[in-house]
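The opening position of the sequence shown corresponds to residue 943 in this note's numbering, with each subsequent residue numbered one higher.
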Amino acid sequence: MKDFLMLKGGSVELTGVPATVTVLPLGHVVSSKGEFNVDEASFQSMKEQIAQRGVDLVVDYEHQTLKGVEAPAAGWVKALRLEAGNIVADVEWTPRGAEYLKNREYRYLSPVVDVRKADNCAIGLHSLALTNTPAIEHMTPIVNSENYEGGHTMDMQKLAELLGLDPNTAEEQIWEALQTVLAENKSLKEGGETASVANKAVCELLGLKAGAPTADVTAKIMELKSGTIDGVNLLEELKALKRQNARRKAEEAVTLALSAGKITPAQKDWAQSYALADPEGFGAFVEKAPQVVPMGEVDLGGSVALKSAAPDEATMLVCKQLGISQEDLEKYGKEK
């Protein structure tokens, strides 16, 4: 399935092995099935696009670069210029490409041009190709070869998302936003700005003014990473609250264990440490532990004194588990 229409016409014929070739004429390009515009802004946009890539523009054979197959170069575009109402390119041909042209085995040059759908203006140059079946094709991209059946259309929704716009934003507004971004970028380059300007949306989220310097944005992000907001270290506050909550839960668990007679008052400190370090483990211990203290003998206030004149069987069982002799119990366990 083709991504664009086939438009006849607009061929560029080559003679010999030219060092300079015509890529596109300036003006309104018309063919049998469509049309597009080429102006000085198109030329500047193409030059900027090539400069951003940082590599020479390729001249291939029959648009093989676009087909995902082996695509040897016939030549390399070293520079774009405006000359006599045309966009022309200085080309450095490979020996093989020069031989084809010298023998007239290839006679036409075919540009791959990106066209902005909003106003049908050419805005980019992907590559050039040697071909013997010239034509101009419309939509994005335009390929000057009638037997090429590939191509890609620009995903406007993805472009809108990249610009921070709603995916359903009208195409005209998307292009306006893109032009604004390009204009701001151009202004920064021409003015020799050294400080980057942060994205407006990011600034707003961080509580900064739109256009805040990157240094201010970085400082704010580092502050947030440390957990500090408006001078308050929220991470430390949160940690303190978690510790306080853990201690409270441990105390409640130990109190319940004491109330159920599962531990003795003398075990309270040990139980508190256990419940704080391993709440689940302590809970499992209490659930399985037998009742070692009669309910009437439990003193939640922490006293370990005997409640009766003589130790009963349950008390002696607990004392045995704790390593307390009956003599020590009788001597020190009496309430005074």
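The C-beta atom is built at its ideal place from N, Cα and C for all residues, glycine as well. Just so it is clear, the structure is predicted and the values come from calculations on it, not from any experiment.
- In this structure, Ala1071 places its C-beta atom within 8 angstroms of the C-beta atom of Asp1002.
- Under a 10 Å Cβ-count criterion, Gln1209 is classified as buried, with 16 or more other Cβ atoms of the shown protein chains found around its own Cβ.
- The three-state reading of DSSP puts Ile1205 in coil, since its state is none of H, G, I, E or B.
- Among the bridge pairs identified by DSSP, Gly1066 is matched with Asp1056.
- Within the model, the alpha-carbon separation for Ala1217 versus Gln1233 is close to 18 angstroms.
- Taking C-beta atoms as the reference points, Phe1224 and Ala1213 count as a pair closer than 8 angstroms.
- Contact between Val965 and Val1057 is absent: CB atoms are separated by about 14 angstroms, not below the 8 angstroms threshold.
- Counted as a single uninterrupted DSSP element, the stretch harbouring Tyr1003 is not any alpha helix (DSSP H) but the beta strand (DSSP E) occupying residues Leu999 to Tyr1003.
- Going by beta carbons, Ala1064 and Glu1114 fall outside the 8 angstroms limit.
- About 56 angstroms separates the CB atoms of Lys1044 and Gly1153; that is not less than 8 angstroms, and the two are not in contact.
- For Val1228, the uninterrupted alpha helix (DSSP H) segment begins and ends at Pro1221 to Lys1230.
- Under the three-state reduction of DSSP, Leu1218 is assigned to helix.
- If you ignore the 5 residues before and after Glu977, its C-beta comes within less than 7 angstroms of the C-beta of His970, Val971 and Asn1062, all in its own chain and listed in chain order.
- In this structure, Leu1148 sits away from Lys1128, with a CB-CB distance that is not shorter than 8 angstroms.
- The beta carbon of Gly1039 sits closer than 6 angstroms to the beta carbons of Ala1016 and Gly1017 from its chain, once the five residues preceding and following it are set aside; these are given in chain order.
- Pro1037 sits in a helix when the DSSP states are folded into three classes.
- Contact annotation: Ala1102 and Pro1109 have beta-carbon atoms nearer than 8 angstroms.
- The C-beta distance from Val1144 to Leu1051 rounds to 45 angstroms, too long to meet the 8 angstroms contact threshold.
- With contacts defined by Cβ atoms closer than 8 angstroms, Leu1067 and Gln991 form a contacting pair.
- For Lys989, the enclosing alpha helix (DSSP H) covers residues Glu982 to Arg995.
- In the three-state reduction of the DSSP assignment, Ala1031 falls in the strand class, which pools E and B.
- Shown here, Ala1021 sits in a strand according to DSSP, grouped into three states.
- In this structure, the CA atom of Arg1185 is about 12 angstroms from the CA atom of Glu1193.
- Contact check for Glu1034 and Lys1020: beta-carbon distance about 5 angstroms, within the 8 angstroms limit, so the pair qualifies.
- When rounded, the separation of the alpha-carbon atoms in Ala1026 and Glu1126 is 31 angstroms.
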